Amino acid sequence: MSAQNKSFKNIKKLNRENLGWSSVSLFLVALGILIAYGFFIYFLIGKVDSGDPSWSRLIYLFSGVEAIVFAAVGFLFGKEVNRQRAEKAETEKKEVEEQKEKIKDEKVAEYNKGLVLGAMIMQAEGSQNKSMENRGLEMEISSSELQSIAEKAMQLYPELNR
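Throughout, our numbering is defined as the position within the sequence shown, counted from one, plus 14.
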């Protein structure tokens, strides 16, 4: 099992553990704050007819309560957004790792094909000195062309000199 796969499973495990009582209780507190905010606004609407000093104090109190409510709403919505972003990032990371592995495999395969081709060229150059009667139906390539191809193969793949 790869290290990335283990870390992905650990994150899923942590997400399940985070759904315990503390998370539920925080959600309920935030929901309670929103409900209390609704009742406070209803209370303020009933006090619209009060005098200026009383109304100013209520508005001052309202601004403090409003800050607490916005923090609770931020907790409710922010937690879900961050969780989705984290899951998306993990998925993208997994896809990138798979793509990197695929490219690495393709690179190794192409390198091996080049080595095989180079070895074939080296072998063909060695057999170029055979007499014409022993060749059969082989295609005739000038020895200078074959030698230049063999030299290029040795340049590109030094492993062929072994």
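No residue lacks a Cβ here, since even glycine has one placed at the ideal position from N, Cα and C.
What you are looking at is a predicted structure, and each value in this text was computed from that prediction instead of being measured.
Exercise. With contact counted as at least three CB pairs below 8 Å, one residue from each stretch, are the segment 126 to 138 and the segment 157 to 173 in contact?
Worked result: yes
For this session: Return yes when the Cβ of residue 76 is within less than 8 Å of the Cβ of residue 48, no when it is not.
Result: no
For this session: Measuring alpha carbon to alpha carbon, tell me which of 70, 122, 98, 51 ends up nearest residue 81.
Result: 51
Problem set entry | Any 3 or more C-beta pairs closer than 8 Å across the segment 91 to 103 and the segment 61 to 68 | no
For this session: Identify the continuous alpha helix (DSSP H) that holds residue 61 and give its terminal residues.
Result: Neither: residue 61 is in no alpha helix (DSSP H) and is coded neither H nor E.
Exercise. Is residue 171 helix, strand or coil by DSSP?
Worked result: coil
For this session: Tell me whether the beta-carbon of residue 79 lies closer than 8 Å to the beta-carbon of residue 54.
Result: yes
Exercise. Cα separation between residue 117 and residue 125?
Worked result: 12 Å
Exercise. Where residue 174 and residue 133 are concerned, what is the direct C-alpha to C-alpha distance, given to the nearest angstrom?
Worked result: 7 Å
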